[in-house]
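Counted from 1, the sequence shown has number 41 at position 42 by numbering that gives the first Met the number 0; the numbering is strictly sequential. To start, the structure itself, in structure tokens.
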Amino acid sequence: MKNLIILSTICLLFMNCSVSEKPQFIGLENIQISESTSKHITFTAQAKFINPNDIGGELQTDEIKVFINNNEMASVSADHFEVPPKNEFSIPLKTKVPTDSIFSDKNLSGLLGSLFSKKVKIQYKGEIKYKVLGFSHYYKVDKTEDVKIKF
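Shown next, in the form of structure tokens:
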């Protein structure tokens, strides 16, 4: 009898929590250069989502590449992010790119154009993975933006 009561309580809890749909990916915002030193340049962006569900989940951002002036420079490094239930949220995406890779011979033409226009073309491309209760969904990310260089 005791086991039946515990089992029914657990079933009721799971039935009251709904997973009606996957979180909505709104897009990338606030792409900018947050820090620049002689050794590296740090680029940041915010991936915005809305979760309509009663339960959260987990997001992984290991598959996002960063292109600067059409040259692949780095991957986004971020911890697994816990998705809050019934909430709008954003994931910070932070990338450090070594300065010497931006100023290499391979990127010279793009760099000269960027210096004259005082802008650099940054592209985030890849996937964000959402996991909850054994279910996975992938969000495609492909956002390009010209970011102003501060001297």
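For each residue, glycine too, the CB sits at the ideal point set by N, CA and C. Nothing here was measured: the structure is a model prediction, and the numbers come from that model.
{"Check": "Which residue or residues does DSSP assign as beta-bridge partners of residue 46?", "Outcome": "27 and 90"}
{"Check": "Taking just the CA atoms, how far does residue 21 sit from residue 87?", "Outcome": "13 Å"}
{"Check": "In chain order, what residues of the same chain lie with their CB nearer than 6 Å to the CB of residue 62, ignoring the 5 residues before and after it?", "Outcome": "125 and 126"}
{"Check": "Pick from 141, 147, 46 and 42: whose alpha carbon is nearest that of residue 80?", "Outcome": "46"}
{"Check": "Taking 8 Å as the cut-off, does the stretch 27 to 43 touch the stretch 89 to 96 (at least 3 CB pairs, one atom from each stretch)?", "Outcome": "yes"}
{"Check": "Buried or exposed: where does residue 140 fall if 16 or more other Cβ atoms within 10 Å of its Cβ makes it buried?", "Outcome": "buried"}
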